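For reference, the structure is listed below as structure tokens.
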Amino acid sequence: MKTATIDLNADAGESDGAWTLGNDAALFPFLTSVNVTCGFHAGDPLTLMKTITQAQQHGLGIGAHPSSPALPGSGRRLLEASPDQVSADVLYQVSALGGMCRTAGVPLRHVKAHGALSTRAWTHAPTAAALARATSDFDLLLPLVVLPATLLESEARRLERPVIPETFPEHASDGRPAPRSMPGPSIHGPQEAARRALMLVKEGRVEAIGGGFFEFQLDTLCLHGDNPEAVPIAHAVRAAPEVSGVQVQPFAIPEVHV
Numbered sequence: 000m001k002t003a004t005i006d007l008n009a010d011a012g013e014s015d016g017a018w019t020l021g022n023d024a025a026l027f028p029f030l031t032s033v034n035v036t037c038g039f040h041a042g043d044p045l046t047l048m049k050t051i052t053q054a055q056q057h058g059l060g061i062g063a064h065p066s067s068p069a070l071p072g073s074g075r076r077l078l079e080a081s082p083d084q085v086s087a088d089v090l091y092q093v094s095a096l097g098g099m100c101r102t103a104g105v106p107l108r109h110v111k112a113h114g115a116l117s118t119r120a121w122t123h124a125p126t127a128a129a130l131a132r133a134t135s136d137f138d139l140l141l142p143l144v145v146l147p148a149t150l151l152e153s154e155a156r157r158l159e160r161p162v163i164p165e166t167f168p169e170h171a172s173d174g175r176p177a178p179r180s181m182p183g184p185s186i187h188g189p190q191e192a193a194r195r196a197l198m199l200v201k202e203g204r205v206e207a208i209g210g211g212f213f214e215f216q217l218d219t220l221c222l223h224g225d226n227p228e229a230v231p232i233a234h235a236v237r238a239a240p241e242v243s244g245v246q247v248q249p250f251a252i253p254e255v256h257v
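Just so you know, numbering that gives the first Met the number 0 puts 222 at position 223 of the sequence shown, and the rest follows in order with no gaps.
Here is the structure:
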């Protein structure tokens, strides 16, 4: 067995009162952590505060979900920005959500980048370093949730920042979100998503498109609330590890020397 415990996370608060991307109320009972939008790609202050309160009621670990400043397109458009701009944008968003968490009496436990900011940091070292630096500037011990084997993971580790490796059981590529333009990037069947989740947790690997396997060392699995089958998938993915004797709980914060 690769891990005795696993965390389940999803993005939350992605609403501005007029529209909602996910279904927080239905998903929260199956999760152990949430990544709360910080207003740059979705959400508004009242929505964020309500989301923090709701997550607190479910006993979920709360993280900040910063984005590029791109409300049109929900943060999925790539915006060119200097490392200093990326760092300032991320620090601003994390500080805002961290302040709201402090007011609510709950800790901010992690940072996970959203959309194009995240995918840019997978392959662009200056963006990855800026994201890691901004997280560290806010709190030296605050971990970054990262996709394994990316520049974001390597830059965070180079800067000796704590990391939480994750992957995506309901995506049919190599464990990372497949391009939305790709035919069939998401798995909509709850049992198939649960099977892949259990393989990741128990074996530390998952099948890749075209054959073979990708291996992962991970602490959390991310579920997407905008999947049409999000709620039954979350139910199935939550149940599969528990039935196999794996504890589903918020990830432990890694120890680092500062």
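Where is the CB? At the ideal position from N, CA and C, for every residue including glycine. Just so you know, these numbers come straight off a predicted model, no measurement behind them.
Span separating the alpha-carbon of residue i from that of residue j
i: P189; j: G42; result: 28 Å
i: A207; j: F213; result: 6 Å
i: F250; j: L7; result: 9 Å
i: V162; j: A127; result: 13 Å
i: L30; j: E159; result: 28 Å
i: G58; j: N22; result: 17 Å
i: G244; j: I61; result: 25 Å
i: P253; j: S117; result: 21 Å
i: V205; j: A87; result: 36 Å
i: N137; j: S94; result: Sequence inspection shows Phe at residue 137; the Asn mentioned does not correspond to that position. If you take the alpha carbons of F137 and S94, they lie about 7 Å apart.
i: S66; j: A115; result: 8 Å
i: C100; j: P44; result: 12 Å
Below-8 Å beta-carbon distance, residue i vs any chain C residue
i: P164; result: Judged by its chain identifiers, the structure shown contains no chain C, having just a single protein chain.
Sequence-distant residues of the same chain with beta carbon closer than 6 Å to residue i, five excluded per side
i: P147; result: P164, F215
i: M36; result: Per the sequence presented here, residue 36 reads as Thr, with Met not at that position. Closer than 6 Å at Cβ, skipping near neighbours: G12, E13, G42, H64.
i: A27; result: Checking the sequence shown, residue 27 turns out to be Phe, not Ala. H57.
Cut-off 7 Å between Cβ atoms - residues of its own chain near residue i, not counting five sequence neighbours on either side
i: A25; result: V230
i: L96; result: V35, C37, L47, A63, L107
i: E154; result: A124, A127, A128, A131
i: A239; result: A193, A196, L197
i: P168; result: A192, R195, A196, L199, L220, V236
i: W121; result: L146, T149, L150, L151
i: T52; result: A103
i: T274; result: An answer regarding residue 274 cannot be provided, because it is not within the stretch 0 to 257 covered by the chain.
First through last residue of the beta strand (DSSP E) which encompasses residue i
i: D277; result: Beyond the ends of the chain as shown, which are 0 and 257, falls residue 277; an answer cannot be given.
i: A63; result: 60-64
Opposing strand residues paired with residue i [DSSP bridges]
i: F212; result: E206
i: V85; result: V85 pairs with nothing; no bridge assigned.
i: T36; result: H64
i: C221; result: N8
Alpha helix (DSSP H) segment containing residue i, residue limits
i: E152; result: 150-157
i: P164; result: Looking at the DSSP string, P164 is not in any alpha helix (DSSP H); the run it does join, the beta strand (DSSP E), is 162-166.
i: T31; result: Unbroken run through T31: none, as it is neither H nor E.
i: A54; result: 44-56
Mind pulling the alpha helix (DSSP H) runs of 4 or more residues that sit fully within the stretch 223-256? Complete alpha helix (DSSP H) runs here, min 4: 229-242.
At 4 residues or longer, what runs of the alpha helix (DSSP H) sit wholly inside the stretch 108-148? Along the length of the stretch 108-148, whole alpha helix (DSSP H) runs at least 4 residues long occupy 114-122, 124-137, reported in chain order.
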